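Position 345 (the sequence shown) corresponds to 344 in numbering that gives the first Met the number 0; numbering is contiguous. Encoded as structure tokens, the structure appears first; notes follow it.
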Amino acid sequence: MFAVACWGGAWSIIVSFILYGLLRKLGINDLQNSFGALLVIGPVEEFAKLLALFSSYFIIREEMNEPTDGIIYMACVALGFSLIENYFYATRSVGSDHLLLVRLFISTPMHIAFSVFMGLAFYVWKRYAKTLSIFIIPFLYASLVHGLYDLVIFNGLTLIVLLLVVKGSYYFTLSLLSYTTAQSPHRLPLEKIIESEIKPSKEKGLRCLNCCSTNPKETFKLKNILIQKCDTCEYFVTTKKGIFQIFHYFAATFKKLDKNYSTPFVTGHKYSTLYSNNYVSDKDKLAFFKLKELNETIEEVNTSIIEKMGAKRWFPKSISAPETPSEPIDYEKVIIKTGVAAWKWLIYPFSSDRNNKINIPEQPGPSWNWGAFLIPELWFLYHEIWGVFFFVTAFYMSLTYASIHGFFNIFGQGMLVVLLIVRLISGRIGNNIYFFRHGRWPIASYNQLK
């Protein structure tokens, strides 16, 4: 995620600058108006972010294994774009530092909200080999909402109008997250999680509202959710907060649940109920339920989320491809695989070489490499680590070009600092990159270690 935010953010800024430069040559300079907001800024910046996501695929190709991944990595690109853009805005004039803080809390979340729909389309396009036409509606949505947001700001419209645009984008983003989470092949039902616990521990019991038992009970802890199985009756017990957390966690819903919470005043019964098949005492802050029945309710909510989104006329039907359930992800292995996937492209940049294995060291090696620090370009080239060599060389050339031609003053003015940072990073990780490719530590550094 960090790599995509840096790489995708930088590329999206570069692409947008190039497109704005072409528009200026065509005589389109004044953009702070309705035309500029709706037909230039929105489409240009969203197109730049989409291209940046495409350029980031070499980093995330091994990790695109569920619909939410498309949203997450598109959000990372948008985050990187917004952070860089915010800095440029805040440094345009003296005394505008406060603008950085304002844009960080308003513009950055909005940039993410504009673009995540394109991230979902990107996932489906890569996973199911769909045509590029799948991006039409998501791109139009992103461009339109982005343009409306800028239009409100440029024309000084009322705060209420701005809040409507922000709130609408925010809720649509939550709806997309609910939709993709409900479709995730790694989402396991509550019932399966509980039944897979072999020997649950017995702890001090919550009071069962069905049979009033307060005896120690078999206890299941899921994240910060506490669920206990009553020792006397067939019910499970939890807290009032716990029943809300269960629906948030297992029913793929990220919005407030209050409108689905029926109190005794509404139902005419003794207990309140969230959705159905559970009973909550507002006075005691406790809840109880039958596991199978509650699980059925949760799955009905998930099915409803998928069907409601898929039923929208404007929602591309080709995006609603169903996922098949699978076993949960081992996230420790995912972290390792993520690093391997990223480095594999930097070590073996050519398609014929990417089948080569990455050698993972069992023990830490030397922590510093002077060769990779002093002359990283030649050091990586000499040891046939082509991808890193090309990356470092291209990075230096882009900085030099920017400095000579006056682009990106922040890079031009701080070029020596940036070059030093690149060298420090190369010196710190050079030995590990060498091991990834060759399966051994560099001779000089290894002798120093011994």
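For every residue, glycine included, the Cβ atom is placed at its ideal position computed from N, Cα and C. Owing to the predicted nature of the structure, the values given are computational and were not obtained by experimental measurement.
Look at the alpha carbon of residue i and the alpha carbon of residue j, and state the distance between them as a whole number of angstroms.
i	j	result
asparagine 430	histidine 437	10 Å
proline 348	leucine 162	46 Å
tyrosine 19	valine 123	30 Å
alanine 128	phenylalanine 390	29 Å
asparagine 214	phenylalanine 235	13 Å
lysine 311	glutamine 182	17 Å
glycine 146	lysine 125	28 Å
glycine 69	lysine 356	26 Å
glycine 426	proline 184	41 Å
threonine 501	glycine 267	Since the first residue shown for the chain is 0 and the last is 449, residue 501 is missing from the structure and cannot be characterised.
alanine 141	valine 39	12 Å
leucine 225	glycine 241	7 Å
phenylalanine 153	glutamate 84	17 Å
tyrosine 278	threonine 272	5 Å
aspartate 257	lysine 239	12 Å
cysteine 229	lysine 201	11 Å
valine 144	lysine 316	21 Å
lysine 24	glutamate 306	47 Å
cysteine 5	isoleucine 12	11 Å
tyrosine 381	asparagine 294	59 Å
leucine 158	valine 165	10 Å
glutamate 61	serine 55	12 Å
proline 441	isoleucine 17	41 Å
phenylalanine 451	glutamine 31	Nothing about residue 451 can be reported from this structure: the residues present for the chain run from 0 to 449 only.
phenylalanine 288	leucine 37	51 Å
phenylalanine 47	alanine 77	Per the sequence presented here, residue 47 reads as alanine, with phenylalanine not at that position. Cα to Cα, the separation comes out at about 10 Å.
proline 137	tyrosine 170	16 Å
Applying the 10 Å Cβ sphere with the 16-neighbour rule, what's the burial state of residue i?
i	result
serine 15	buried
aspartate 149	buried
tryptophan 313	exposed
methionine 109	buried
phenylalanine 407	Note that phenylalanine 407 scores a pLDDT of 48, beneath 50, so its modelled location is shaky; the value from the coordinates is reported in the next line. By the 10 Å Cβ count, phenylalanine 407 comes out buried.
lysine 255	exposed
serine 81	buried
isoleucine 409	Note on isoleucine 409: pLDDT 46, under 50, position unreliable in the model; no value is reported.
tryptophan 342	buried
methionine 73	buried
glutamine 227	buried
tyrosine 433	buried
valine 160	exposed
phenylalanine 249	buried
phenylalanine 134	buried
lysine 65	Here residue 65 turns out to be glutamate, not lysine, going by the sequence shown. With 16 or more other Cβ atoms within 10 Å, it is buried.
glycine 26	exposed
lysine 384	In the sequence under discussion, the amino acid at residue 384 is isoleucine, which differs from the lysine named in the question. So isoleucine 384 ends up on the buried side.
valine 151	buried
Short check: CB of residue i to CB of residue j, under 8 Å?
i	j	result
threonine 218	proline 199	yes
tyrosine 270	valine 300	no
isoleucine 304	alanine 251	yes
valine 101	isoleucine 59	no
isoleucine 424	glycine 386	no
leucine 290	leucine 208	no
threonine 262	aspartate 281	yes
leucine 119	isoleucine 318	yes
glutamate 45	serine 114	yes
tryptophan 344	phenylalanine 57	yes
phenylalanine 388	phenylalanine 379	yes
isoleucine 105	leucine 189	no
isoleucine 0	leucine 49	Note on residue identity: the sequence assigns methionine, not isoleucine, to residue 0. No.
alanine 89	serine 168	no
leucine 52	glycine 8	no
arginine 422	proline 375	yes
serine 212	threonine 237	no
asparagine 276	glutamate 292	yes
methionine 308	serine 195	no
threonine 67	leucine 176	yes
phenylalanine 435	asparagine 358	yes
lysine 220	glycine 204	no
On the DSSP bridge assignment, give the partners of residue i in chain order.
i	result
phenylalanine 288	Phe235
isoleucine 59	Looking at the DSSP assignment, isoleucine 59 forms no beta bridge with any residue, so it has no partner.
threonine 272	Ser261
serine 451	There is no way to answer for residue 451, as the model of the chain reaches only from 0 to 449.
valine 279	Ser271, Ala286
isoleucine 224	Leu221
4 or more residues per run - each alpha helix (DSSP H) lying fully within the segment 24–59: Counting only runs that start and end inside the segment 24–59, the alpha helix (DSSP H) elements of at least 4 residues fall at 41–54, 56–59.
Secondary structure, beta strand (DSSP E): runs of 3+ residues fully inside the segment 111–150: For the segment 111–150, not a single whole beta strand (DSSP E) run of length 3 or above is found.
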